[in-house]
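As structure tokens, the structure follows; a few thoughts come after it.
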Amino acid sequence: MTADLTMIMVALVVLTLSAVFSFKFRALGLIGAIIALLIGLTTCPFHFGIFIFVIAVINLLSLCALDGGIKGVDYGLVGLMGLATMYIFTTNDFAMVLAALVLVSAPTYVLVMLRDGRANVEVGVKYITFMVLATVLFLVGAIILVYTASAFNEYLYVLGYVMLVLGLCLEIGVAPFHEWVPDVFASADPIPISIIASLAKIVPFVAALWILVTTANDMTASLSLFTAVLAAISMFVGNIGALTSKEHARVLGYSTVANMGYLLTCLVVVANPEYLYLALTGGLFLLFSNAAGKIGFFNAIKEKGAYSLLMFILAFSFIGIPPLMGFWGKLFILLSLAEMEYFWLIGIVVINSAISIPYYIRLANELGVSWELNLTNIICAAAVIIIMVTVLFVPVEWFSTHMAAMAHTVGIAL
Amino acid sequence: MNDWVFFLLLFLAPVVSSIPIVLAYKDDKWTAKLPYLSVFGIFISVLMSLHIFFAMSGQYSYDWIPDLGINFVFMCDYLSRYMGVVTAVIAFFIAIYGLGYMKGDYRPSWYWFCFNLFTASMLLVVYSDNLFLLFVGWEGLGAASWGLIGHWFRDDDNISYVGKAGRKVGPLEMSWAPSFGGWRAISTIRFGDVPMFLAIAAIWVLSPTLNISEINWHTLFISLGAAGTIILMLLFLTGLFTKSAQFPFSEWLMTAMTGPTTVSALLHSATMVAAGAFVFLKLTWYIEPWHLHDVPGVEPVYLLVLFVGLISGLYGALCGTGMRERKVLLAASTMSSIGLMFAVGATSYWIHEEIAGMNWALLAAFWYMAIHAFAKASLFLVSGHLIHATHSRFLCGNFEFAKRMKPAFIVTILASIFLVGIPPFGAYWVKSMMDELKLHLWHHNGMILPIVLLITISLVYAAVIAKFLSLNFIKGDKPEHEHVEGGGLMKLGYGLMVSVLFVLTYGIFKFEETQHFVHAGSENLSIIVGLSILVVFVAAIYKPQIKAFSSNIGMFFNDRMYLPFLNDYIVPKTGFFIAHLVQDYGNRAIDAFFNTTVIPGFFKAISRAIRAIQTGFLTTYVKIAIGFVLLILILASIGGMGL
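Listed in order, the protein sequences are those of chains F and Y.
Start counting the first sequence at 1; every next residue gets the next number (our numbering).
Start counting the second sequence at 1; every next residue gets the next number (our numbering).
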């Protein structure tokens, strides 16, 4: 057992104990989750670990605004998701990657039903049905892919690749498998949705990328067209859906569909690991900015508005205005696409970014209110700090160098 | 002193010296005094041009954008040294006259800045060897001419109009306001400038240098082939023909008479219209077409210039016979003269004779340009004075009036006889040379038309100028108003101007390169033509208005053979037709694509489809999702098995 795994174990014990004792003292659940995440942070490369840590902590804090039936344990569930997300960056073990995927997925089944008072079963059923299908497809696809890596079979490889990508699409809500997204986003409580739309998206993406890269072969390049087409469909469906929706949560649901489309384009790069670091950097930036933006917007929906300036900065990040994080995410993804010579896809990404401008501005305009010191504004401010980190603290080049190093690590695992 | 200082002063002194009056535009006290500074700026240019004339020769090059071959390159050759002095001196004399003529004008700042910019631009055109630099001056001419022709932009004084208000021919009113005159000038010129710029760009691409004197024209034309050469030269010539108001681009010149008379004088003598002909001579000087008989495509180009020039010459002279306005009559005669310069310059293709390394035809064309410049400027300045004195822009004035306007009368007589080719004054010797050149075309190249046209034009031209003299001073109607006193600066201006003609005539006898003019003037044909011109001139003075000419044919000529229809009817109608096409179909199609039908429809359809899926029933969602999953898996299986 490695030292990292030991630390994770310790963190899990802390998490479990605090969850148990939170029945008696609710605050213990929150404190325990934060301590467990701090322990987990020591196992993870700091530069992206800190992003996961901050996102998880903001998610935890936002849960304070919700009085669900399992108050206290919900902190433990988010803590678990945070730990699994951190762990996936350190492990080289296929089984552990899949375990992390399930560990991130399962708590959301419970979280999605949370709301003030009774559990929201209808939303839960819709969500869980899709997630089960997604997880099964993902796991079967992943196992087939790993099998073909040792005993190559073209037919099986195609099947495995398609199943894995389909599983991923269902999991994160890529069109045309997005049907649950607008409904769940619109009818569930904004707080758990902010978690599902932020923290829960990181692991499936990294896991899929990890598995696809480690099992890549000569056929991957031709199969990536399939992924690219799905990504293009998702971008259009998501953006046009968001553009023509009125309900804020529904707009954000479609925005997620669109963002997952951008994210999916990263997968075309697996055919050439040389440019993986570009796609990884872009993908993670996009995930982090999407997570921070969704947290901010959903919390604003929950409390009927947040400080205007913060809302606009989040909107600008989503649109991709430099030097906010959303811009760097899209830029690196486009760079990786350029290296892969997927120019038509670049065109579609750019057109879609343009389509998205009106509804993000509208969202910021409608959700923006004047300044007031409350939890929502603090959370939104924290989210803004995350997406402005590329302006304030972290030089982008520094980040991408580390991504290159990490991609190198993944390359060795291959 | 370094040579660049001379060029800097030459080009910048007029512009810089007129900046103060621009800055003081609100202060009437200053704007009344500062014109003297502007005139002084032009005087500096005169000194510089004289220095260059006497002390400098050859090429002077200063870096600008050397990587692109665009540099400040000035050529002080025979043409530019003479033309520079001609331009600067004429501008200076007109400026002195303008001090009196423009007194009390409502926007002196605008006038003096544009006037000096006009002069500086022309000097740049004259001395530039680099085609790009030349084009900078060329555009400066265009911009300044627009500003000057439309100087009286308020259109509030009928005396600045051209044509008779209210007189209609078909749908057109034969009357043009100053603002419209400015617009007609700039729009016509732009029509030619763009092709000219394309031609310069083409030369820039094809030739290693843009310097006129260094371009290897022979290689360039050979590499272009016959069609390429013709296209390139036509593009370039469009710029020259529009600027020089050659047929059918002449309309702007007639309505350019809406500008102050000083502007007309400058425009017609040493700048603007002369610029086109001058650049043609300058290019031909270095193209040396008489050595390019083996190059296909050059001959048709020179043939075209020859006949465009002759047709313009005839057209201008004939229109002049019908004109009733002082300045428009002179404008038509200028067009005629410029046409002759083009025609004679183009003759160089067939002429091999050289004097001191200079082609006869080019020399004749250039000397005609110089004599014409001073004579025409004098006539314009006189007519400006007449307009002030009589408050009328139409031809009027009898012998009584002439007695009271003695200086103007004498200057007009002198300028006329020096200009039309009456022996032994000025232009007679140059025109004799022209006769000889055209005779050469008949004898050696079988073209009889040029000599016939040249003599016809000369005779009609003499009648037109005689008409100007007669109807203004001898046989015209008695003016309704007479304000003959004052105008000292104006008299000084045209007095100085006309006196230069004596110097030039002296030069013709004195200089080595013009000796052949004197020789040509003593040929029988020349003497016959010269005497015929004298007869026509005297006859026209005696009977300036023939009955037939004051009726239908006269009106036809007065209406410039209805050429205004081209500018004011055919071209705008065509333009509006295209605009309507664009508006009605192009814009609507673009609108339909972006704003009303295609893209919005696409969005609507997709949006509807996206919303149709969202029924809220889980069973529907699962059916859709599983349906897609199964479909893709089946397709993948089929595809995978095919591998």
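Think of the CB as a built atom: it goes at the ideal place given N, C-alpha and C, for glycine as much as any other residue.
Entirely enclosed alpha helix (DSSP H) segments - the stretch 150-236 of chain Y, minimum 4 residues: 178-206
Quick one: measure Cβ to Cβ for residue 508 of chain Y and residue 429 of chain Y, integer angstroms, because I've assumed they're closer than 8 Å. 5 Å
With respect to the beta strand (DSSP E) encompassing residue 371 of chain F, which residues constitute its N-terminal and C-terminal limits? Premise fails: residue 371 of chain F is in no beta strand (DSSP E) and is neither H nor E.
Do residue 124 of chain F and residue 132 of chain F count as a contact pair if the criterion is CB distance below 8 Å? no
Range covered by the beta strand (DSSP E) that runs through residue 76 of chain Y: 70-76
Given residue 130 of chain Y as reference, the closest of Y:286, Y:578 and Y:561 once Cα atoms are compared: Y:286
Members of the stretch 107-135 of chain F near chain Y, C-beta cut-off 8 Å: 125, 126, 129, 130 and 133
Looking at chain F, is there any beta carbon in it that lies within less than 8 Å of the beta carbon of residue 637 of chain Y? yes
CB-CB under 8 Å to residue 332 of chain Y, same chain, minus the five flanking residues each way: which ones, in chain order? 254, 316, 317, 319, 320, 323, 464 and 560
CA nearest to the CA of residue 665 of chain Y, picked from Y:327, Y:423 and Y:353: An answer regarding residue 665 of chain Y cannot be provided, because it is not within the stretch 1 to 643 covered by chain Y.
Return the residues of the stretch 603-615 of chain Y that lie within a Cβ-Cβ distance of less than 7 Å from chain F, sorted by chain order. 603, 606, 607, 610, 613 and 614
Contact list for residue 137 of chain F against chain Y, beta-carbon separation under 8 Å: 629
CB of residue 243 of chain F within 8 Å of CB of residue 311 of chain F, strictly: no
Kindly give me the distance between the Cβ atoms of residue 282 of chain F and residue 333 of chain F, rounded to whole angstroms, as I take these residues to be in contact under 8 Å. 4 Å
Host beta strand (DSSP E) of residue 60 of chain Y (start-end): 58-65
Would the stretch 89-106 of chain F count as touching the stretch 58-70 of chain F if we require 3 or more Cβ pairs under 8 Å? no
Suppose only complete runs of 4+ residues qualify. What are the alpha helix (DSSP H) ranges in the stretch 126-205 of chain F, listed by chain order? 154-172, 180-187 and 190-197
Give the DSSP-derived three-state secondary structure of residue 413 of chain F in the structure shown. Because the pLDDT at residue 413 of chain F is just 43, under 50, the model does not fix this residue reliably, and the value given afterwards should be weighed accordingly. Correct three-state label for residue 413 of chain F: helix.
Whose CA, out of Y:229, Y:356, Y:175 and Y:159, lies closest to the CA of residue 166 of chain Y? Y:175
Contact check, residue 262 of chain Y vs residue 163 of chain Y, beta carbons under 8 Å: no
Pick out the complete alpha helix (DSSP H) segments inside the stretch 562-643 of chain Y, 4 residues or longer, and give them in chain order. 571-581, 588-591, 598-613 and 618-642
For residue 166 of chain F, go through chain Y and note every residue whose CB falls closer than 7 Å to its CB, in chain order. 629 and 632
Using 8 Å as the limit for Cβ to Cβ distance, is residue 159 of chain F near chain Y? yes
Return the chain-ordered list of same chain residues with a C-beta closer than 7 Å to the C-beta of residue 160 of chain Y, the five sequence neighbours on each side being excluded. 152, 178 and 258
Are any of the Cβ atoms in chain Y nearer than 8 Å to that of residue 41 of chain F? no
Is residue 457 of chain Y near the ligand FMN, in the sense that its beta carbon is under 7 Å from a heavy atom of that ligand? The ligand FMN is absent from the structure shown, which contains no ligands of any kind.
Residue-chain proximity (residue 640 of chain Y, chain F), Cβ-Cβ < 8 Å: yes
Would you verify that the beta carbon of residue 204 of chain F is, or is not, closer than 8 Å to some beta carbon of chain Y? no
Quick one: which chain F residues come within Cβ less than 7 Å of residue 618 of chain Y? 125, 126 and 129
Contact list for residue 240 of chain F against chain Y, beta-carbon separation under 7 Å: 603, 606, 607 and 610
Residues near residue 345 of chain F by beta carbon distance below 8 Å, same chain, minus five either side: 228, 231, 232, 265, 268 and 337
Using C-beta distances below 6 Å, list every residue in its chain close to residue 141 of chain F, excluding the 5 sequence neighbours before and after it, in chain order. 160, 163, 164 and 167
Name the DSSP bridge partner or partners of residue 354 of chain Y? Y:359
Residues in its own chain within less than 7 Å of residue 117 of chain F by CB, not counting five upstream and five downstream? none
So, is residue 485 of chain Y buried or exposed, given that buried needs 16 or more other C-beta atoms within 10 angstroms? exposed
Output needed for residue 360 of chain Y: all residues of its chain with C-beta closer than 6 Å, excluding positions within five of it in sequence on either side, in chain order. 351 and 353
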